[in-house]
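Numbering (full-length UniProt numbering), first residue to last: 1 to 214.
Every residue, glycine too, gets a C-beta built ideally from N, C-alpha and C.
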């Protein structure tokens, strides 16, 4: 089975075009103002309208309130909501029930015990995403930090929901990451940027080509 790819943090038409042309299965729009990849709902709506059938549009939120969700979902056609904050299983289930859109919950990983928490979300979300947890004392965003975790922690683990691997991925380490984890879907953001928040179409194309070759 080909490895499916999500290009996250798209905020310009050229990056979107490179993702679509290269075969990305998902494109991610970030609705978190502290992120250099943040996109306003108005621009996000324009970008989403350019996404062809067969490519799923993902909206990334960090501990959103109802006002935020309603503002975005009222104008941006999303196929999947990604919750990347400290949302509890109960909150994830609330969002899923309220909007009738698939929900993916990010679980931040530094050790095996972090993976054990994922089971609590099995009944609340449609998908899981495993990202790196920033070390204690390190100021970091909720995601998109270019950090990876010990991929061998995922080896042999199974969950009731489909899952994606994220955190520090790039064209140079993608094959090793997939080999170590068995991931069939991956999420990349900073690994296809030439500076924070600026996707390089050539890097996007290169990453997707590497995924297609696996």
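For the options 126, 109, 118 and 115, the alpha carbon positioned closest to that of residue 96 is the one of 126. Across the structure, residue 44 and residue 29 are spaced so that their CA atoms are roughly 7 Å apart.
In summary, residue 104 is buried, with 16 or more beta-carbon neighbours lying within 10 Å of its beta-carbon over all protein chains present. Annotation: residue 49 to residue 80 spans about 15 Å, alpha carbon to alpha carbon. With a cut-off of 8 Å on Cβ pairs, the segment 198–209 is in contact with the segment 6–22, counting three or more such pairs.
Secondary structure note for residue 192: it is in no alpha helix (DSSP H), with a DSSP letter that is neither H nor E. In the three-state scheme derived from DSSP, where H, G and I count as helix and E and B as strand, residue 66 is classed as helix. When beta bridges are read from the DSSP output, residue 58 appears opposite 28 and 80. About 6 Å separates the beta carbons of residue 83 and residue 92, which is inside the 8 Å limit, making them a contact pair.
The straight-line gap separating the alpha-carbon atoms of residue 76 and residue 64 is approximately 15 Å.
Around the beta carbon of residue 187, 16 or more other beta carbons sit within 10 angstroms, so the residue counts as buried. Contact between residue 32 and residue 57 is absent: CB atoms are separated by about 16 Å, not below the 8 Å threshold. When DSSP reads this structure, residue 7 sits in a beta bridge with 27 and 188. Here residue 164 is bridged, per DSSP, to 129.
The Cβ atoms of residue 183 and residue 3 sit closer than 8 Å to each other. Residue range 102–109 is occupied by the beta strand (DSSP E) that includes residue 103. The beta carbon of residue 86 sits closer than 7 Å to those of 63, all from its chain and outside the five residues before and after it, given in chain order.
Excluding residues up to 5 positions away in sequence, 106, 108, 143, 166 and 167 lie with their Cβ nearer than 6 Å to the Cβ of residue 131 in the same chain.
Between residue 156 and residue 170, the gap from beta carbon to beta carbon reaches 8 Å or more. By the neighbour-count criterion, in which a residue is buried when 16 or more other Cβ atoms sit within 10 angstroms of its Cβ, residue 1 is exposed. Residue 112: member of the alpha helix (DSSP H) spanning 112–116, first to last residue. A direct Cα-Cα distance of roughly 24 Å separates residue 208 from residue 102.
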